[in-house]
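Structure first, then comments.
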Amino acid sequence: MPLSDPVVYRDKREDWLTAFRALRVAALRPLVTAALIAEHRANPRGPHSAELQLVLNFVRGPALPMDGKAFAYHTSEGSFHLGEIAARGTPTTVLDEQVFATEEAAQHAAFLRRLAVVGLLAAPAGDPA
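Residue numbers (this note's numbering): 12 to 140.
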C-alpha cells in the first residue's frame with residue numbers, strides 16, 4: 012500500500028537510533044580501559060589516540076540527545092562545575108556542588124559521566140583508574 016498521507020506515518024528514526032546506539036556501545040566497550048581513561052585524564056583536549064577519538068566521537072555525538080549531556084561549566088566566579096545541557100531558552104542545570112580546580116578536571120569528569128550514562132563505564136561518577 013503506497014504512502015498517501017505522510018502526516019500519519021510514524022517516524023521510525025528513534026527505532027534505528029536505539030539499535031545503532033546499542034551496536035556502537037557493544038563495539039566500543041572493549042576500548043574503554045583504565046589506560047584509555049588515564050589518557051583522557053592526562054590530556055582531555057588532545058591530541059588523542061585513535062581509540063579514544065572513537066569513544067569521544069560517540070559520546071559527544073549520537074550516543075545521547077543534546078539535552079541532558081554533561082559538560083564543564085565555568086561560573087562567573089571562576090570556578091568549574093559540571094553542567095547539563097538544557098533545551099534552548101532554558102537555563103543550564105548545575106549537576107552537583109563539586110568544584111573542580113581546573114577546566115581539564117571538569118572536562119574529564121564530564122567525560123566519565125557521559126561514559127557511565129551510555130553504559131561504557133561501570134562506575135557512575137567515580138574515576139576507576
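Every residue, glycine too, gets a C-beta built ideally from N, C-alpha and C.
DSSP places L14 in no beta strand (DSSP E); its state is neither H nor E. Beta-bridge partners assigned by DSSP to Y20: none are found. Following the DSSP letters along the chain, one finds A81 inside the beta strand (DSSP E) bounded by residues 81–85. Around the beta carbon of V18, fewer than 16 other beta carbons sit within 10 angstroms, so the residue counts as exposed. Between L106 and E88, the C-beta spacing is not below 8 Å.
Residue pairing of H92 in beta bridges, as defined by DSSP: Y84. Note that the C-beta distance between R125 and V36 is not below 8 Å. Taken atom to atom, the span from the alpha-carbon of R56 to that of E115 is near 8 Å. Sequence-distant Cβ neighbours of F111 in its own chain, meaning closer than 6 Å and more than five residues away, are F91, A117. For the pair A81 and R40, the Cα-to-Cα distance works out to about 20 Å.
The beta carbons of L42 and E62 sit closer together than 8 Å.
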